[in-house]
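**Student:** Throughout the sequence shown, residue numbering follows the working numbering, covering 29 to 409 in sequence.
Ideal Cβ placement from N, Cα and C applies to all residues, glycine included.
The model shown is predicted, which means the values in this text are computed figures rather than measured ones.
Take this structure first; my questions come after.
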Amino acid sequence: MDFALSEEQTAIFDMAHAFGQDHIAPFAREWEAEGTIPRALWGNLAELGFGGLYVSEEAGGAGLSRLDATLVFEALSMACPSVASFLSIHNMCAAMLDKFGSAEVKARYLTPAIHLQTVLSYCLTEPGAGSDAAALKTRAARTNEGYVLNGTKAFISGGGYSDAYVVMCRTSEEGARGISTLVVENGAAGLSYGGLEDKMGWRAQPTRQVQFDDCMVPADALVGEEGKGFRYAMNGLDGGRLNISACSLGGAQAALDKTLAYMGERKAFGQPIDQFQALQFRVADLEIELQAARTFLRQAAWKLDQGAPDATKFCAMAKKFVTEAGSRVADQCLQLHGGYGYLADYGIEKIVRDLRVHQILEGTNEIMRLITARALLAERG
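Now the structure itself:
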């Protein structure tokens, strides 16, 4: 068993890290204050192939493995978890279109998405359907021209900013089997947005409700087959959970790196504080936790790449473990900075705020435990 990254994988990480440090990190606080990400950034990311990281090469994507993709998101999150996670959502949508979309869907939506000329948002959650996603109420009624869509999606990253929305909606019976997936373009008649959400973290990416009021959607905007949208959505979430875990890992690693530098400079009682054994033990524990999280994440990504039967369980376990570890590490890094950690200038408090939501989205960590427990009971057989 070889745990080392290949030369190609190391180059992927280094490229993403260098881009993040040069083009994202210097502006992260500014973008957070403005509440938006400059459009020009997406074109720069597209030049690196980051608009379709694990979209097949046949469709024009980079064709990376899910393990390779986690390296990209870990590296970019060391610059800004908010920007990296938004790119992760776009890539989750692009992969769904590649895997399940018709030739027409790919030509109309996927190709510009790969080049980040079209930024995609994922619309599953509703005001009354969060963890119980199969209870969603947004409904698409068939017409001669396509569909008429009615309902509201909540907590949508990129709401009012993105160019197209991958929407899970009900086309028939109640429950998971009545759910289909449609792509709705910005500017569609009947599409509107709620007010900008005032969030704890992820403030660089705008979040709004997305509302459909007799929204007209053409028939060729259907992704795959009617009634299979819930399966498509859940399939996308396995990889999404890996990506968001990688974002936690990268953010926490950046916090630890900043903390080690600070401890070498900060003096107390006549010496740098990194010379106090009690604090050395603290940072040792943080390093151990991050290394354990990194290994677990990459094992789960490998299982998803291999199509292992227990891949979904491992993605859920890794998401729970890594996102909680990332938040613990970031919080302890703030503590080791003392009062300075509470100041925006030192960059730690933003990481703490950005990482907290990772335990909620892509399936709450309570749902990750449920997935794990059900898999264990099924394996018991």
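1. Taking one C-beta from the segment 334-341 and one from the segment 384-398 each time, how about it: are there three or more such pairs within less than 8 Å?
2. Is the number of C-beta pairs between the segment 103-116 and the segment 198-213 that are closer than 8 Å three or more?
3. Can you give the beta carbon distance from ALA124 to VAL194, rounded, assuming they're within the 8 Å contact cut?
4. If you scan the segment 43-69 from start to end, which runs of the alpha helix (DSSP H) of 4 or more residues do you find wholly inside it?
5. Can you tell me whether ALA320 is buried or exposed, with buried defined as 16 or more other CB within 10 angstroms of its CB?
6. In the DSSP assignment, what are the bridge partners of SER185?
7. In terms of alpha-carbon separation, which member of GLY391, ALA358, GLU390 lies closest to LYS378?
8. Within its chain, find whatever has a CB closer than 6 Å to the CB of ASP191; leave out the 5 residues flanking it on each side and keep chain order.
9. Return the first residue and the last residue of the alpha helix (DSSP H) that CYS121 is part of.
10. Should ASP126 and SER159 be called a contact, given that it needs their Cβ atoms to be closer than 8 Å?
11. What did DSSP end up calling PHE41 once you bin it into helix, strand or coil?
12. Just to confirm, is the Cβ distance from ARG57 to ALA289 under 8 Å?
13. So which of ALA44, CYS151, ALA353 has the shortest CA-CA distance to VAL238?
14. Tell me the DSSP secondary structure of ILE207 in three-state form.
15. Taking just the CA atoms, how far does TYR260 sit from GLY206?
**Tutor:** By the coordinates alone:
1. no
2. Touching, no, given that fewer than three Cβ pairs across the two stretches are closer than 8 Å.
3. The identity of residue 124 in the sequence shown is Met, whereas the question assumes Ala. So it is a contact: roughly 6 Å between Cβ atoms.
4. 56-62
5. exposed
6. THR235
7. Among GLY391, ALA358, GLU390, the Cα nearest to that of LYS378 is on ALA358.
8. THR146, VAL147, ASN214
9. 109-128
10. no
11. PHE41: helix per DSSP, three-state reduction.
12. no
13. CYS151
14. strand
15. 13 Å
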